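Number of protein chains: 2
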Amino acid sequence: MLIDPWGSELLEYEKVVNDFGLELFNKKLFPKPNRLMNRGIVFAGRDLKRISDAIKRKKKFYALTGIMPTAQKLHFGNKMVIENIRYFQENGAKTFLLVADLEAMIARKISLEEARRRALEFHIPAYIALGINPKKTFFYFQSENRKLTKLVYAFSRRITLSEFRAIYGKADPERILAALTQAADILFPQLDEKMPCIVPVGIDQDPHIRLTRDIVRRTKTEFGFIAPSSIYHKYTPSLDGSIKMSKSKPESCIELPEDPDSVCRKLKRALTGGRETIEEQRKKGGQPEKCIVFELHKQHFIERDDELAKIFNDCKTGKLLCKECKQIACERYTKFTEEFNKKFEKARKKIDRLKFLKD
Amino acid sequence: MLIDPWGSELLEYEKVVNDFGLELFNKKLFPKPNRLMNRGIVFAGRDLKRISDAIKRKKKFYALTGIMPTAQKLHFGNKMVIENIRYFQENGAKTFLLVADLEAMIARKISLEEARRRALEFHIPAYIALGINPKKTFFYFQSENRKLTKLVYAFSRRITLSEFRAIYGKADPERILAALTQAADILFPQLDEKMPCIVPVGIDQDPHIRLTRDIVRRTKTEFGFIAPSSIYHKYTPSLDGSIKMSKSKPESCIELPEDPDSVCRKLKRALTGGRETIEEQRKKGGQPEKCIVFELHKQHFIERDDELAKIFNDCKTGKLLCKECKQIACERYTKFTEEFNKKFEKARKKIDRLKFLKD
Chain A
1 MLIDPWGSEL
11 LEYEKVVNDF
21 GLELFNKKLF
31 PKPNRLMNRG
41 IVFAGRDLKR
51 ISDAIKRKKK
61 FYALTGIMPT
71 AQKLHFGNKM
81 VIENIRYFQE
91 NGAKTFLLVA
101 DLEAMIARKI
111 SLEEARRRAL
121 EFHIPAYIAL
131 GINPKKTFFY
141 FQSENRKLTK
151 LVYAFSRRIT
161 LSEFRAIYGK
171 ADPERILAAL
181 TQAADILFPQ
191 LDEKMPCIVP
201 VGIDQDPHIR
211 LTRDIVRRTK
221 TEFGFIAPSS
231 IYHKYTPSLD
241 GSIKMSKSKP
251 ESCIELPEDP
261 DSVCRKLKRA
271 LTGGRETIEE
281 QRKKGGQPEK
291 CIVFELHKQH
301 FIERDDELAK
311 IFNDCKTGKL
321 LCKECKQIAC
331 ERYTKFTEEF
341 NKKFEKARKK
351 IDRLKFLKD
Chain B
360 MLIDPWGSEL
370 LEYEKVVNDF
380 GLELFNKKLF
390 PKPNRLMNRG
400 IVFAGRDLKR
410 ISDAIKRKKK
420 FYALTGIMPT
430 AQKLHFGNKM
440 VIENIRYFQE
450 NGAKTFLLVA
460 DLEAMIARKI
470 SLEEARRRAL
480 EFHIPAYIAL
490 GINPKKTFFY
500 FQSENRKLTK
510 LVYAFSRRIT
520 LSEFRAIYGK
530 ADPERILAAL
540 TQAADILFPQ
550 LDEKMPCIVP
560 VGIDQDPHIR
570 LTRDIVRRTK
580 TEFGFIAPSS
590 IYHKYTPSLD
600 GSIKMSKSKP
610 ESCIELPEDP
620 DSVCRKLKRA
630 LTGGRETIEE
640 QRKKGGQPEK
650 CIVFELHKQH
660 FIERDDELAK
670 IFNDCKTGKL
680 LCKECKQIAC
690 ERYTKFTEEF
700 NKKFEKARKK
710 IDRLKFLKD
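Right, dumping it as structure tokens:
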């Protein structure tokens with residue numbers, strides 16, 4: 001296979017793995033790894049053997065992720081998390097999908113009522129449209145989960161202010177509360193039964209994982225939780241080539257969903273590995289390993305490996321030019337959006353049937 | 360009347376009033392003030408006019424206090440709070456009695472289950488025995504009050520770490536959480552309806568009142584709460600003469616309930632305003648204004664003012680000697696205990712009938 005698992009950011013991600021004490025992701029640990037795992041987009045993790053064992057021996061474990069009900073758009077980062085959740089769900093994980101309404105209230109001043117409305121009208125149907133199986137998922141709102149509250153209080157005396165500062169850089173009351181709440185989200189399923197847990201996140205969320213694992217160690221006698229495992233995916237780069245897509249640069253950012261016309265227009269201006277002139281590219285070939293559009297194909301648009309390999313090779317040999325390649329991306333995004341919208345509408349109609357954990 | 364409203368601690372309490380920006384308690388504001396108010400044991404407050412108006416105009420207001428379900432004993436400080444709560448309850452206050460189970464978990468590592476057991480088996484029946492009317496009281500456990508949780512999160516972004524430090528001297532995660540929880544306890548009844556609130560506390564609890572009032576100001580647009588009013592009672596002095604009874608000196612501390620024999624034995628060694636010899640005391644008279652036993656009479660044992668005046672005068676004139684006076688205290692405590700035990704047992708039998716707020 002020709003896919004470079006590290007892409008253009010090799011050194012950067014390697015540094016992260018070393019600095020944070022992560023383990024490199026080894027796809028051999030997991031049966032039928034998904035596209036993200038296969039292509040090295042999932043690049044690292046913590047305590048992965050534990051999850052591998054649970055899957056292989058069909059033991060109980062759980063996967064969880066949270067919805068921050070702010071903007072009524074998702075991004076590729078959310079999509080990757082959902083795809084990974086889906087992988088674990090299909091491999092036997094009990095799945096928890098929580099709405100971080102308390103955190104949204106703290107961080108974004110969104111009322112609990114508004115957070116609920118947004119989650120029900122957009123985020124939860126969108127997560128289902130992207131592959132979460134609602135019948136196999138436990139949903140809850142943070143503000144309705146009393147067990148969570150109890151853990152937040154219990155954990156509060158296990159971490160000092162200086163430790164918060166060491167992990168988060170800054171410690172203020174609302175951040176402390178948000179961080180303790182995330183740890184409680186990750187661990188509360190184990191109040192009923194101790195079991196391994198997998199949390200798929202972007203690398204920027206690792207501080208929460210570290211905090212949670214610290215808390216697990218410190219509450220060993222009190223709770224005896226099993227430390228959560230985690231996997232990390234690489235960022236989807238910005239269309240202008242910088243490391244992470246961000247709404248702050250709307251012309252370089254693709255949202256989910258977004259009008260395909262708008263996306264195709266943005267793709268036309270995306271940074272590629274193309275040469276100065278068509279002639280030069282026909283002769284020397286393109287540089288897919290430097291190309292944002294190829295990275296999008298790899299991360300999101302092209303599911304089949306042979307198809308991706310063909311694009312790579314056709315680019316390398318000068319057969320496939322950037323314009324055509326961007327057209328492929330444009331078509332794939334358009335198709336993705338159509339499918340997403342259909343599934344989304346279907347999920348939204350059934351939203352009343354969902355059951356939410358309350359305690 | 361001869362009762363010195365400030366007793367031997369006049370200057371100290373005056374300083375507190377000035378330093379903390381309190382108002383002196385003016386008993387004329389309140390119809391039929393209770394013994395503690397009448398005798399200057401309740402010595403200060405905040406925003407008392409607001410409560411006075413509510414009582415006089417029969418407007419809605421509420422009183423609240425919390426139970427910390429730690430030791431299965433009360434102290435005179437609890438008794439004074441309960442007597443004041445009772446006063447406001449009898450004067451029309453909607454009354455909230457909360458079990459601070461989340462705080463007990465943080466501060467004393469008591470599990471929520473243990474906190475519940477203690478509250479139901481001891482504290483709540485004891486509070487009822489001391490005069491809380493259970494039929495007119497809303498009880499709740501912090502851990503079961505979701506509205507409280509929401510307020511804790513909402514308040515967390517209104518106070519900075521430095522401000523916590525300024526109020527409490529120290530800021531660590533569990534203290535921050537405990538303080539925010541107290542503010543939420545005080546204010547959550549106003550989520551349903553804005554109304555004045557009175558919180559009777561010992562002066563050492565004033566930081567919580569200040570924090571809560573700060574939060575009220577800062578959440579004006581968001582919640583529009585009315586700032587809580589408060590009243591402060593003086594400490595019951597230790598039998599050895601120091602300013603506050605404390606369990607750390609068990610021989611100088613009377614608990615509620617405690618075996619009357621043990622109490623009478625301790626009373627015999629209490630610091631009094633007596634003279635060196637009986638002869639001298641017969642001639643010069645005693646000094647009740649310096650006497651711990653007289654302070655106990657004044658604060659707790661002697662309900663009727665004319666009776667207290669007689670003890671004061673008989674001491675002053677050398678007619679009542681310390682031994683006899685201590686015997687009065689001993690008899691009163693014994694009688695108090697008998698009555699307490701009877702009421703306590705009665706309240707405990709009915710504990711299943713109490714209704715707890717849940718949300």
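For the protein sequence lines, the chains are A and B, in the order given. Counting from 1, one number per residue, gives the positions in the first sequence under our numbering. Counting from 360, one number per residue, gives the positions in the second sequence under our numbering. Ideal Cβ placement from N, Cα and C applies to all residues, glycine included. Just so you know, these numbers come straight off a predicted model, no measurement behind them.
Scanning its chain for C-beta atoms nearer than 6 Å, with the 5 sequence neighbours on each side dropped, one finds around Phe-384 of chain B the residues Val-401, Phe-402, Ala-403, Gly-404, in chain order. In chain order, Thr-160, Leu-161 make up the part of chain A whose C-beta sits under 7 Å from the C-beta of Asp-531 of chain B. For the segment 554-580 of chain B, the continuous beta strand (DSSP E) assignments of 3+ residues that do not extend past its boundaries occur at 556-561, in sequence order. Phe-497 of chain B is positioned such that its CB atom lies closer than 9 Å to that of Phe-455 of chain B.
DSSP places Arg-46 of chain A in the strand class (E or B) of the three-state scheme. Contact between the segment 180-200 of chain A and the segment 93-110 of chain A is present, with at least three C-beta pairs closer than 8 Å. Residue-level contact by beta carbon holds for Thr-149 of chain A and chain B, with a gap shorter than 9 Å. According to DSSP, Ile-426 of chain B shares a beta bridge with B:Val-458. Counting the other CB atoms within 10 Å of its CB gives Lys-298 of chain A a total of 16 or more, which places it among the buried residues. Straight across, the Cα-Cα distance linking Leu-433 of chain B with Val-560 of chain B is about 15 Å.
DSSP places Ser-238 of chain A in the coil class of the three-state scheme, outside both helix and strand. DSSP, reduced to helix, strand and coil, places Glu-345 of chain A within a helical segment of the structure shown. Contacts with chain A at 9 Å (Cβ-Cβ) include Glu-503 of chain B.
By the beta-carbon neighbour count (other beta carbons within 10 angstroms, threshold 16), Ile-637 of chain B is exposed.
Put simply, the segment 414-425 of chain B does not touch the segment 572-579 of chain B. Fewer than three CB pairs are less than 8 Å apart. Residues Glu-303 of the same chain have their beta carbon placed closer than 7 Å to that of Arg-35 of chain A, with the five preceding and five following residues left out of the count. At least one CB of chain B lies nearer than 9 Å to the CB of Val-152 of chain A. Of all residues in the segment 449-476 of chain B, only Leu-461, Met-464, Ile-465, Leu-471 come within less than 7 Å of chain A when Cβ atoms are compared, listed by chain position. By the criterion of a C-beta distance shorter than 7 Å, Ile-526 of chain B is surrounded in its chain by Pro-566, Arg-569, Leu-570, once the five residues flanking it on both sides are discounted.
Note on Arg-353 of chain A: under 16 other CB atoms within 10 angstroms of its CB, so exposed under the neighbour-count rule. For Thr-334 of chain A, the secondary structure class from DSSP, reduced to helix, strand or coil, is helix. Ile-590 of chain B is bridged by DSSP to B:Gly-404, B:Pro-559. In this structure Arg-157 of chain A does not touch Ile-602 of chain B by the C-beta definition: roughly 30 Å separates them, more than the 8 Å allowed.
In the displayed model, Glu-552 of chain B falls within coil according to three-state DSSP, outside both helix and strand. Glu-581 of chain B places its beta carbon 9 Å or farther from that of Ala-530 of chain B. When secondary structure is reduced to three states using DSSP, Lys-94 of chain A falls in the strand class.
In this structure, the alpha-carbon of Leu-536 of chain B lies about 15 Å from that of Leu-102 of chain A. DSSP assignment within the segment 257-330 of chain A yields the following whole alpha helix (DSSP H) runs of 4 residues or more, N-terminal first: 260-268, 278-284, 292-296, 305-316.
Under the DSSP assignment, Thr-508 of chain B falls in the alpha helix (DSSP H) whose first and last residues are 505-515. In the DSSP assignment, Thr-181 of chain A falls within the alpha helix (DSSP H) that extends over 173-187. Against chain B, the beta carbon of Leu-256 of chain A has no neighbour under 7 Å; the closest one sits roughly 28 Å away.
For chain B, none of the residues of the segment 191-204 of chain A brings a beta carbon within less than 9 Å of one of its beta carbons.
When B:His-592, B:Lys-608, B:Ala-430 are compared, the shortest CA-CA separation from Leu-598 of chain B is found for B:Lys-608.
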